[in-house]
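Chains as they are written, first to last, in this note's numbering: chain A, 219 to 516; chain B, 3 to 139. We put the CB at the ideal spot given by N, CA and C, even for glycine. Since the structure comes first, as C-alpha cells, the remarks are kept for the end.
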Amino acid sequence: MIDFAVEFSGVTKRYKHFTLDCIDLKLPTGCILGLVGANGAGKSTTLRILMGLVHQDAGTVEVLGHTMPDQQALAKLEIGFLSEDMRLYGAPTLEWHMNFMRSIYPHWDGAYANSLLGRFDLKAKQRIKGMSHGQRVKAALLLALARRPQLLVLDEPTTGLDPIARREVLGELMAVLADEERTVLFSSHNTLDVEQISDQITFIDRGRIVESADKEAFLDRWRRLRLVLPPNTRLPGLPGVVAIGGSSRLPVVTTNRFEPAVVSACTERGVAVQSVDVMTLEEIFIASVESRREGGAL
Amino acid sequence: MYTQYKQMNSLIVLSQSDSRPMYLQIMEQVRQKVAVGEWKPGEGIPSIRALAVELQVSVITVKRAYLELEREGIIVTQHGKGSTVARDPDLGPRLYEQEFQEHLRQAARIGMLLGFSEDEIAERLRATAMQLETEAS
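Shown next as C-alpha cells:
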C-alpha cells in the first residue's frame, strides 16, 4: 500500500483570467479529503489536473503511484470520478449503463451495484433522462462505486441534493472508507458535509491553498474569544489573531492558534474572558479567506 | 471476544444542534454506555472505522474520541485487535463522578456569567436538591 494516494507538488496552471498557483497537496491512503472553496476558487481545475483531463504547466502530480498526466490510462482504471459536466447518456436505462461499465471494468461488482440500487432507491429499468437531479447523481455514484476504485474523486457530489439523498450519498462515501486502503477526495462549497465526514480539509481560494490540516486540528485551533477590557486598556497581543471585531471595550477576537494558555494570558493582564466560542467549519472558512484577501498578499 | 461487536443500529446518536465538538459527544455517550453497564468491562466495542461509517463522521474524529477515552482508562485499544472496554471494576462510579464534576463546572460557569456569587450558586444547588427530594416523595 502506498502512503499517499494523491500527491501534488508545486502544481501550476495558467489561464487568461485565472491561475492555479503552486498547489501542494498530500492525501494519505485511507482518508477522506474535503476540498473547500468558493465558486471559481480552483477546485474543479485541481480535480481535473488530478484526473489528467487538464495538463499542468508546472509541478508534479502522482496519483496511486502513477505520474499524471503521462500514466493516466493506468491510473484511471483505479479511480472513480464524478463531476457535474460528466453526463450519463439520456436515452438508455441505468441498467444499460451498468452493463456497459461491467464490460469495461474487470473489478465491476454486480452484487454491490444491486445493493446500491436498493439503498439509493433507484430503478435499473429507468431511463436517465426521466430521472431527477438527485437520482442522476446517485446513479452516477453507483456506477463509480461498483467499480470498486482505489480512489474516488468527486466534484461537488452533494450540490443540489435534498437532505435524504445527501445523507445516502455521504453514507456511501463513508462506507467506502470501511476498507482502509480506499481513499476519497471530494470538493464542496457545503462546509457542513466537509466538516461531517472529512479527515483532511484543504481551503482553496483564488487559485491558492489557504490552509490545509487534519480536521480535528482545524477545529481545535480556531476559537472566537469574547473579551471585556477594563477602561483605558489596550488589547494584549495574542497568538494567531486573524480578526478583531466587536467594540473597543468588548472586543471579539478570532484566533487560529488557540490554546488554553491564551485564556490565562488574558486574565493575567486584567482582561476578562467572557467566553471561548468553538467555530463551525463555515465560520473558520470565511474568517480564513477574508483575512487572506484583506492581507493583500494575493 | 475482540471481534464480537455490538448491534450497530443507533449505537450512538449525535446531535447537530449540540455545540460541542463531535468527538466530545462520542466520548460522553461511550462513557454513559459503560457507566450504565450497556458495554461491559473487557467486552469488544466497534472498531474506529466501523463506528465512523455507522455515524457518518470522519475516521479521525472517532479516532480522537477513542484516544482520549483510552487516556481516561475507559477503553483499551490494541493494535490490530480493536478496542475493548477496560477491565477496571470501579469504572462505573468513577464515570458518574466525572460526569457530575463536568455538570457542576457548567452550572458554576453559567452562574458566574449571570453574575451570581459563589454563595448564591451554592444556595441554588441546595434548593434544587431539596426540590428534587420533595418531588420524589
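- Collapsing the DSSP output to three states places Glu99(B) in a helix.
- Taking the beta carbon of Gly389(A) as reference, the chain B residues within 7 Å of it are Gln58, listed in sequence order.
- Rounded to whole angstroms, the separation of the alpha carbons of His315(A) and Tyr323(A) is 12 Å.
- Here Leu468(A) carries a coil assignment [DSSP, helix/strand/coil].
- For His315(A), the enclosing alpha helix (DSSP H) has its first and last residue at 312-322.
- Neighbourhood of Tyr25(B) in chain A, by CB distance below 8 Å: Glu434, in chain order.
- Cβ atoms of Ala331(A) and Ala364(A) come within 8 Å of each other, at about 4 Å.
- For a Cβ distance threshold of 7 Å, residue set Ala54, Val55, Gln58 of chain B lies close to Met392(A), ordered along the chain.
- About 15 Å separates the Cβ atoms of Gln492(A) and Leu456(A), ruling out a contact at the 8 Å cut-off.
- Approximately 15 Å separates the beta-carbon atoms of Asp373(A) and Leu238(A); this is outside 8 Å, ruling out the contact.
- Phe404(A) and Val371(A) have their C-alpha atoms spaced approximately 6 Å apart.
- Under the three-state reduction of DSSP output, Ala138(B) falls in the helix class.
- The Cβ atoms of Lys347(A) and Gly378(A) do not sit closer than 8 Å to each other.
- Shown in chain order are the members of the region 410-440 of chain A whose Cβ falls below 7 Å from a Cβ of chain B: Gln414, Ile415, Ser416, Asp417, Asp432, Lys433, Glu434, Leu437.
- The Cβ atoms of Ile250(A) and Phe226(A) do not sit closer than 8 Å to each other.
- Per DSSP, the continuous beta strand (DSSP E) segment holding His284(A) begins and ends at 284-286.
- Runs of alpha helix (DSSP H) with 4 or more residues, each lying fully within the region 412-467 of chain A, are found at 433-439, listed in chain order.
- By the neighbour-count definition (other C-beta atoms within 10 Å, threshold 16), Ala131(B) is an exposed residue.
- With fewer than 16 neighbouring CB atoms inside 10 Å of its own CB, Ser321(A) falls in the exposed class.
- In the three-state scheme derived from DSSP, where H, G and I count as helix and E and B as strand, Cys484(A) is classed as helix.
- Beta-bridge partners assigned by DSSP to Gly513(A): none are found.
- Chain B places a beta carbon closer than 8 Å to that of Val496(A), counting this residue as a contact.
- Contact annotation: Leu360(A) and Leu334(A) have beta-carbon atoms nearer than 8 Å.
- Closest by C-alpha distance to Ala342(A), out of Asn317(A), Gly352(A), Asp327(A), is Asn317(A).
- The beta carbon of Ser119(B) does not come within 8 Å of any beta carbon belonging to chain A, so the residue lies off that interface.
- Residue state for Phe503(A) is assigned as helix, using DSSP reduced to three classes.
- Glu429(A) and Arg345(A) have their alpha carbons spaced roughly 42 Å apart.
- Contact fails between the region 475-484 of chain A and the region 380-396 of chain A, because fewer than three Cβ pairs, one in each stretch, are under 8 Å apart.
- DSSP lists Phe222(A) as the beta-bridge partner residues of Pro246(A).
- Check the Cα spacing between Glu104(B) and each of Gln18(B), Glu135(B), Leu26(B), Pro43(B): the tightest is with Leu26(B).
- Using a C-beta cut-off of 8 Å, the region 290-302 of chain A makes no contact with the region 454-474 of chain A, since fewer than three inter-stretch Cβ pairs fall below that distance.
- The region 16-30 of chain B and the region 65-81 of chain B touch, with no fewer than 3 CB-CB distances between them shorter than 8 Å.
- Less than 8 Å divides the Cβ of Ala259(A) from the Cβ of Arg424(A).
- For Ile220(A), the CB contacts under 8 Å within the same chain, skipping 5 residues up- and downstream, are Thr247, Leu282, Gly283 in chain order.
- Rounded to the nearest angstrom, the gap between the Cα atoms of His273(A) and Val59(B) is 34 Å.
- Arg400(A) sits in coil when the DSSP states are folded into three classes, being neither helix nor strand.
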